[in-house]
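S.K.: Residue 43 is where the sequence shown starts when you use our numbering, and the numbers rise one by one after that.
Heads up, the beta-carbon is just placed ideally off N, CA and C, and yes, glycines get one too.
Note that the structure is a prediction, hence the values are computed from the model and not measured.
First the structure, then my questions, so here it is.
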Amino acid sequence: MPKWRIAYYSLPSRKFPVKDFIDELPEKYQTKVFNSFELLEEFGLFLGRPRLKKLAGTSLWELRLLGEKSLRFIFTARPKQELLMLHSFVKKTNKIPKKELKTALKRSRY
43 MPKWRIAYYS
53 LPSRKFPVKD
63 FIDELPEKYQ
73 TKVFNSFELL
83 EEFGLFLGRP
93 RLKKLAGTSL
103 WELRLLGEKS
113 LRFIFTARPK
123 QELLMLHSFV
133 KKTNKIPKKE
143 LKTALKRSRY
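Right, dumping it as structure tokens:
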């Protein structure tokens with residue numbers, strides 16, 4: 043039984059950007075995502091590196107899926123052991139692009 047629960051940020055239009063991102067991935071990547079989410083539900087913020095990283099100076103965390111495509115999921119921890127998935131993207135550079143971080147920070151304020 044999972045100790046943590048994953049929830050998804052929704053836009054005012056009732057769209058779920060992270061779910062939509064996952065749905066658009068090829069099946070093999072979707073499997074990787076869901077396997078990583080299962081680990082996150084089991085271990086939460088204690089999952090540790092290299093899969094999990096706290097983003098310095100923010101209340102945000104980065105779930106890192108390494109491989110052919112470097113997928114990133116930015117989320118925040120909420121009360122009652124809920125992890126709210128705010129934003130996701132394919133990372134192509136060493137640092138998180140400012141645009142991606144800005145999107146996640148904006149969504150975290152709701």
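What is the residue span of the beta strand (DSSP E) that T135 lies within?
M.R.: No beta strand (DSSP E) holds T135; DSSP gives it neither H nor E.
S.K.: Once DSSP output is grouped into helix, strand and coil, what is the label at A98?
M.R.: A98: coil per DSSP, three-state reduction.
S.K.: Give me the DSSP bridge partner(s) of R47.
M.R.: R47 pairs with E124.
S.K.: Look at the alpha carbon of A119 and the alpha carbon of T145, and state the distance between them as a whole number of angstroms.
M.R.: In a straight line, the C-alpha of A119 is about 17 Å away from that of T145.
S.K.: If the criterion is Cβ atoms closer than 8 Å, does the pair I48 and F79 meet it?
M.R.: Going by C-beta atoms, I48 is nearer than 8 Å to F79.
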